[in-house]
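Trainee: Next up is a structure, given as structure tokens.
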Amino acid sequence: MAREECKALLDALNKVTACYHHLVLTIGGSADSQNLREELQRTRQKAQELAAATGAPLTTALRDKGLRAEERAEFERLWVAFSGCLDLLEADMRRALALGAAFPLRAPRRPLVRTGVAGGAAGVAARALSARALRHEAERHFDADDLRELERDILQVGTMIYDLEMKVNVPRWTVQARQAAGAELLTGAGASSAGLVSVEERTGPCDPSKALAATVFGAVLLAAVALAVCVAKLS
Amino acid sequence: MTIRHQGQQYRPRMAFLQKIEALVKDMQSPETGVRMQNQKILVTSIPHAMTGSDVLQWLVQRLWISSLEAQNLGNFIVKYGYIYPLQDPKNLTLKPDGSLYRFQTPYFWPTQQWPAEDTDYAIYLTKRNIKKKGVLEEHEKENYDFLNKKINYKWDFVIMQAKEQYRTGKERNKADRYALDCQEKAYWLVHRSPPGMNNVLDYGLDRVTNPNEVQVNQIMYYQQALMRSTVKSSVSLGGIVKYSEQFSSNDAIMSGCLPSNPWITDDTQFWDLNAKLVEVPTKMRVERWAINFSELIRDPKGRQSFQYFLKKEFSGENLGFWEACEDLKYGDQSKVKEKAEEIYKLFLAPGARRWINIDGKTMDITVKGLRHPHRYVLDAAQTHIYMLMKKDSYARYLKSPIYKEMLAKAIEPQETTKRSSSLPFMRRHLRSSPSPVILRQLEEEAKAREAANTVDITQVMSKLDRRSQLKRELPPK
Chain B
1 MAREECKALL DALNKVTACY HHLVLTIGGS ADSQNLREEL QRTRQKAQEL
51 AAATGAPLTT ALRDKGLRAE ERAEFERLWV AFSGCLDLLE ADMRRALALG
101 AAFPLRAPRR PLVRTGVAGG AAGVAARALS ARALRHEAER HFDADDLREL
151 ERDILQVGTM IYDLEMKVNV PRWTVQARQA AGAELLTGAG ASSAGLVSVE
201 ERTGPCDPSK ALAATVFGAV LLAAVALAVC VAKLS
Chain L
1 MTIRHQGQQY RPRMAFLQKI EALVKDMQSP ETGVRMQNQK ILVTSIPHAM
51 TGSDVLQWLV QRLWISSLEA QNLGNFIVKY GYIYPLQDPK NLTLKPDGSL
101 YRFQTPYFWP TQQWPAEDTD YAIYLTKRNI KKKGVLEEHE KENYDFLNKK
151 INYKWDFVIM QAKEQYRTGK ERNKADRYAL DCQEKAYWLV HRSPPGMNNV
201 LDYGLDRVTN PNEVQVNQIM YYQQALMRST VKSSVSLGGI VKYSEQFSSN
251 DAIMSGCLPS NPWITDDTQF WDLNAKLVEV PTKMRVERWA INFSELIRDP
301 KGRQSFQYFL KKEFSGENLG FWEACEDLKY GDQSKVKEKA EEIYKLFLAP
351 GARRWINIDG KTMDITVKGL RHPHRYVLDA AQTHIYMLMK KDSYARYLKS
401 PIYKEMLAKA IEPQETTKRS SSLPFMRRHL RSSPSPVILR QLEEEAKARE
451 AANTVDITQV MSKLDRRSQL KRELPPK
């Protein structure tokens, strides 16, 4: 059905946007390199393809006059999420352009900011492109051409957003979110982060000591109870 | 679609941010920059940490400033989010001891002036909610609920994106993840500061125009203003002094009024004596007409007297035309077309009943303009007639017997003392003056009668001409 197809495409676009955002965060920092720029470009291209692919069925669905009310509401919800993704993507692309221009890889006099992030983002890019691993195959003057392409891409995305808005009229105030506040806690997304939590929080190292104290106290209590019983038995 | 703010890019008071950025970029150099060390967290070691004292020392050496200044500057750098503290995140000052700091990633630098959007903040709070399993700080919870209400329509997107970003973050190794989390936390501490912390990014109102940009039309305007001919202030001030001296005796506030100020003595004689078209005007009023022509024209009684004089001189049509022009300018604009046509028929057309004598060029301009009549279409002709009256008739009027008689007849009211109006028997009955509507109607009727009765020289001459023509035609019969 059209709705499932749109939802699947939207999820894919969402994933790629999140990956792109993650990659743009590290531009100009110590993790910046030729590889990063290349990954950015690939992710960006994938995002644009997905955006175009998602936009088409959504537009046709919403322009269909014979749609029932609840189906229309569904599609409007998807539309709002889609436009949110596009906005985020465009904003990130603009920032990537500005940062890429401010921190060119060629100039030796402008070293990159030492932010403490050292590792590569190959895993992120692979996730975005749904590929197993990523091979880096870029030429030397990659980033200068890339910036020009990026400018053109930004304009393209801008016109795409404008066209979509002109074709479909979705009043934002009528759309109600299906998920309430705090819905993100209900799924298992946060379950596997226990290990990480203990690293970052200062209360992390305290928890084992608290557990230790609890067991010691329990042991002492048991001993006291046992002694009291013995005393009672003896007397 | 997000709303793009038009005028919010010009924040010149934040120009120092670019200077800090240049300094921070300088700190990066591996040879001349700040000394780096590793931060140890349990088993992981994250590079690129520096101590506060190292940073201060670098500032002192690089900029040749005292340590007090360096401390101040260092505080700024931390406050605005270029460097964030690792051990005490909420205290944004540069401590001159061994506490560790790290550089913020350029994406999060405030120099770029990218607004910290609500949507981004919502995504961040949702991510934090997931990570901390619902245990957020007080203000974070409040903000979360508030944003949920504010951008409710986007909430599905927010949750979707937050989950995805969270999962994506796990693709990195542990040390990177930790550093990135610290970075984001520091960014939001600066841009959405919790209550109790100073909101450093509050800089007042945004400007609509960019003050650093060269405004070409403004420059042109000022250059033209310089070229305009100006009056010397000594000349204009002299003019004001002369005017004040001349008119101070007429000013009711400066030199009192005769017979008495009605507001004080409840005696309305002053207003009765100075009514618009009173039979016998006061001496002060008549003397005022001699000061200059505009005084005469402005006073209705003066106009009446002047009209009488002009009729005697057979140039009454001038003042009539002037009054008609004033009516066109200040009167009912919906009747502009009809009024203009009437004026043309009466004053300007060749052979008109009250034809005014203006030169050919002005007549040409006026006739051309009358095709598309508007308020000021008769301005040129009116100015011409005004100047004619001023330069020619006015001088003769002041010497004429009409004016001299008016002056002789003018009364000088006696000053009345403040009468005590407290006695009920002596209280005068105060009648209200006639309604302005009725007054205006009377005026209009009087004007219509005048217009009907005016016989100007041209009409008389044309009648005489025709009569003599007929006489000439008759005898040959």
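For the record, the sequence lines run as chains B and L.
Residue 12 in UniProt numbering sits at position 12 of the first sequence, with consecutive numbering throughout.
Residue 410 in UniProt numbering sits at position 410 of the second sequence, with consecutive numbering throughout.
All C-beta atoms in this analysis are idealised placements derived from N, C-alpha and C, irrespective of residue type, glycine included.
In this text, all values refer to a predicted model and were calculated from it rather than measured experimentally.
#1: Are residue 365 of chain L and residue 321 of chain L close, meaning C-beta to C-beta below 8 Å?
#2: Ordered along the chain, which non-local residues of its own chain (more than five positions away) have a Cβ less than 6 Å from that of residue 114 of chain B?
#3: What are the boundary residues of the beta strand (DSSP E) that includes residue 49 of chain L?
#4: For residue 126 of chain L, collect the residues of the same chain with a Cβ closer than 7 Å to its Cβ; drop the 5 residues on either side in sequence, then sort them by chain order.
#5: What are the uninterrupted segments assigned as beta strand (DSSP E) that are 3 or more residues long and contained completely in the segment 272-324 of chain L, given in chain order?
#6: Determine, using beta carbons only, whether residue 108 of chain L and residue 74 of chain L come nearer to each other than 8 Å.
#7: What residues from chain L crowd round residue 186 of chain B, counting only those whose CB sits closer than 7 Å?
#8: If you draw a straight line from the C-alpha of residue 496 of chain L to the C-alpha of residue 76 of chain L, how long is it?
#9: Between the alpha carbons of residue 251 of chain L and residue 287 of chain L, how many angstroms are there, rounded?
#10: Using the three-state DSSP reduction, which class does residue 189 of chain B fall into: helix, strand or coil?
#11: Where does residue 246 of chain L fall in DSSP's three states?
#12: Name the one or two DSSP bridge partners that residue 192 of chain L has.
#13: Can you name the residues of chain L whose CB is closer than 8 Å to the CB of residue 115 of chain B?
#14: Out of curiosity, what's the CA-to-CA distance linking residue 211 of chain B and residue 219 of chain B?
#15: Which chain B residues are close to residue 162 of chain L, counting only those with a beta carbon under 7 Å from its beta carbon?
#16: Go ahead and pull the three-state DSSP assignment for residue 13 of chain B.
#17: Helix, strand or coil, according to DSSP, for residue 27 of chain B in the structure here?
#18: Do you know how far the Cα of residue 10 of chain B is from the Cα of residue 67 of chain B?
#19: Per DSSP, what kind of secondary structure is residue 217 of chain L in: helix, strand or coil?
#20: Between the segment 208-230 of chain B and chain L, which residues of the former have CB atoms less than 7 Å from a CB of the latter, in chain order?
#21: Compare the C-alpha of residue 166 of chain L against each of L:179, L:130, L:175, L:178 and name the closest.
#22: Roughly how many angstroms separate the alpha carbons of residue 152 of chain B and residue 43 of chain B, rounded to a whole number?
#23: Distance cutoff 8 Å, beta carbons only. Does residue 5 of chain L sit that close to anything in chain B?
#24: Thinking C-alpha only, which one of L:369, L:334, L:325 is nearest residue 356 of chain L?
#25: Please state if the CB of residue 86 of chain L and the CB of residue 62 of chain L are separated by a distance shorter than 8 Å.
#26: Do residue 413 of chain L and residue 273 of chain L have their C-beta atoms closer together than 8 Å?
#27: Quick one: does residue 2 of chain L have its CB under 8 Å from some CB of chain B?
#28: Considering only residues of the same chain and omitting the five flanking positions on each side of residue 105 of chain L, which have a CB-CB separation below 6 Å?
#29: Any beta carbon of chain C sitting closer than 8 Å to that of residue 172 of chain L?
#30: Just to confirm, are residue 127 of chain B and residue 24 of chain B a CB contact at a threshold of 8 Å?
#31: So, using beta-carbon positions, are residue 116 of chain B and residue 172 of chain L closer together than 8 Å?
#32: What residues are listed by DSSP as bridge partners for residue 40 of chain L?
#33: Can you tell me where the beta strand (DSSP E) holding residue 83 of chain L begins and where it ends?
#34: Does any residue of chain B have a CB that is nearer than 8 Å to the CB of residue 20 of chain L?
#35: Residue 14 of chain L versus chain B: which residues are under 8 Å apart at the beta carbon?
#36: Three-state secondary structure (DSSP) at residue 198 of chain B?
Mentor: This is what the structure gives:
#1: no
#2: 30
#3: 44-51
#4: So the list reads 158, 159, 162, once near-sequence residues are dropped.
#5: none
#6: Going by beta carbons, residue 108 of chain L and residue 74 of chain L fall outside the 8 Å limit.
#7: Ordered by position in chain L, no residue passes the 7 Å Cβ test against residue 186 of chain B, which lies about 10 Å from the chain.
#8: One cannot answer for residue 496 of chain L here, as it falls past the ends of chain L, which runs 1 to 477.
#9: Note on geometry: alpha-carbon atoms of residue 251 of chain L and residue 287 of chain L lie some 14 Å from one another.
#10: Note that residue 189 of chain B has pLDDT 45, beneath the 50 cutoff, so the model's placement of it is unreliable and no number is given.
#11: For residue 246 of chain L, the three-state secondary structure derived from DSSP is helix.
#12: Bridge partners of residue 192 of chain L according to DSSP: none are assigned.
#13: 48, 102, 103, 104, 105, 179, 183
#14: 12 Å
#15: 184
#16: helix
#17: Residue state, collapsed to three classes: coil.
#18: 20 Å
#19: Helix.
#20: For chain L, none of the residues of the segment 208-230 of chain B brings a beta carbon within less than 7 Å of one of its beta carbons.
#21: L:130
#22: 16 Å
#23: Unreliable positioning characterises residue 5 of chain L in this predicted model, as indicated by a pLDDT of 45, which lies under 50. A coordinate reading is not provided.
#24: L:325
#25: no
#26: yes
#27: Residue confidence is low: residue 2 of chain L scores 37 on pLDDT, short of 50, so the model does not pin down where it sits. Its coordinate-derived value is still stated next. With 8 Å as the cut-off, residue 2 of chain L counts as an interface residue toward chain B.
#28: 183
#29: The structure shown contains no chain C; its protein chains are B and L.
#30: no
#31: Contact: no.
#32: Under DSSP, residue 40 of chain L takes part in a beta bridge, and its partners are L:45.
#33: 83-85
#34: no
#35: Residues of chain B passing the Cβ test: none, with the nearest at roughly 16 Å.
#36: Low per-residue confidence applies at residue 198 of chain B: pLDDT is 39, beneath 50, and the placement is therefore not dependable enough to give any value.
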